[in-house]
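First comes the structure, then the notes that go with it.
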Amino acid sequence: MLARVITAVLLVVPPGPAAADEQPTCAGGFAPNPSVEEIAANGQPAGYTFEPTWSVPPGTPAAEHPRLSVDKSNPVSGEHNATISTPAGRVSTAYETIPTVIPNGTYHLVVGAGTHDVSQNQPIGLRFYDKDGTQVAERSVQADHDIDTDNKLGRFDLGPTIAPASTTMVRFFAATNANWLKWDCVHLTISPPNSR
Numbered sequence: 035m036l037a038r039v040i041t042a043v044l045l046v047v048p049p050g051p052a053a054a055d056e057q058p059t060c061a062g063g064f065a066p067n068p069s070v071e072e073i074a075a076n077g078q079p080a081g082y083t084f085e086p087t088w089s090v091p092p093g094t095p096a097a098e099h100p101r102l103s104v105d106k107s108n109p110v111s112g113e114h115n116a117t118i119s120t121p122a123g124r125v126s127t128a129y130e131t132i133p134t135v136i137p138n139g140t141y142h143l144v145v146g147a148g149t150h151d152v153s154q155n156q157p158i159g160l161r162f163y164d165k166d167g168t169q170v171a172e173r174s175v176q177a178d179h180d181i182d183t184d185n186k187l188g189r190f191d192l193g194p195t196i197a198p199a200s201t202t203m204v205r206f207f208a209a210t211n212a213n214w215l216k217w218d219c220v221h222l223t224i225s226p227p228n229s230r
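Here the sequence shown is numbered in this note's numbering, starting from 35 and rising by one per residue.
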């Protein structure tokens with residue numbers, strides 16, 4: 035007598051993104067440390083990598099050093115928000131790697147972000163990389179909400195993005211070429227292909 039073995043794979047996907055007029059909760063998505071409440075010993079949000087694009091010359095005043103930090107100035111959820119400061123014209127980037135990678139999956143990012151100078155180049159979003167570490171796609175928007183108008187971070191909904199078939203790594207990133215870029219409440223949902 036032959037026995038049949040049936041194998042099933044269960045992929046758990048959280049509920050879809052919030053409606054346009056709702057602020058999603060920071061928890062429940064796929065982004066690690068979504069509300070930046072977890073803080074590393076160096077004062078940076080835990081799980082983030084910081085990449086200034088220049089070396090600080092000796093004798094540069096501390097106020098002009100690029101830095102990634104956590105502060106309590108404009109949180110969306112919890113007590114903290116993340117902040118990048120960098121000297122004018124010197125790009126600095128912070129990113130965290132998303133642990134769930136689904137090639138051809140649909141990634142939907144909603145994040146709170148803002149700046150005190152909307153004239154600067156300050157993108158936030160997702161970057162997709164192949165097995166060689168080459169960036170193969172990006173979905174980003176300018177974090178052009180002026181914090182000084184309401185003392186809050188703005189809500190940015192990047193809409194659904196399909197990860198390229200060659201994707202083996204995904205990162206949430208924030209970058210700026212001036213003071214200050216701030217963000218909080220990184221809410222990311224991921225749907226497998228053909229799930230809609």
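By construction, the Cβ of each residue, glycine as well, lies at the ideal position given by its N, Cα and C atoms.
None of the values given here were measured: they were computed from a predicted structure.
{"Query": "Reduced DSSP category for Asp164 - H, G, I as helix; E, B as strand; rest coil", "Result": "coil"}
{"Query": "Boundaries of the alpha helix (DSSP H) in which Asp151 is found, first to last residue", "Result": "It is not in any alpha helix (DSSP H) - Asp151 carries neither H nor E in the DSSP assignment."}
{"Query": "CB contact flag (Glu130, Pro66, <8 Å)", "Result": "yes"}
{"Query": "Limits of the unbroken alpha helix (DSSP H) element including Ile73", "Result": "Premise fails: Ile73 is in no alpha helix (DSSP H) and is neither H nor E."}
{"Query": "Asp105 versus Ser225 - alpha carbon distance", "Result": "32 Å"}
{"Query": "DSSP three-state assignment for Thr202, whether helix, strand or coil", "Result": "coil"}
{"Query": "Three-state secondary structure (DSSP) of Glu130", "Result": "strand"}
{"Query": "Alpha-carbon to alpha-carbon, Ile132 and Pro121", "Result": "28 Å"}
{"Query": "Backbone CA spacing between Pro58 and Lys165 [nearest angstrom]", "Result": "Residue placement at Pro58 is poorly supported in this model, since its pLDDT is 49, which falls under 50; the coordinates still yield a value, given next. Computed Cα separation, rounded: 32 Å."}
{"Query": "Residue span of the beta strand (DSSP E) that contains Thr223, given as start and end", "Result": "215-225"}
{"Query": "Beta-carbon gap between Phe64 and Thr134 smaller than 8 Å", "Result": "yes"}
{"Query": "Environment of Lys186 [buried if 16+ CB atoms lie within 10 Å]", "Result": "exposed"}
{"Query": "Cβ-based burial, Asp182 [other Cβ within 10 Å; buried from 16]", "Result": "exposed"}
{"Query": "Coarse secondary structure for Asp105, derived from DSSP in three states", "Result": "strand"}
{"Query": "C-beta contact flag for Trp217 and Ala208 at 8 Å", "Result": "yes"}
{"Query": "Terminal residues of the beta strand (DSSP E) in which Thr195 lies", "Result": "188-196"}
{"Query": "Same chain, Cβ closer than 6 Å to Ser111, neighbours up to 5 away in sequence not counted", "Result": "Cys60, Ser69, Cys219"}
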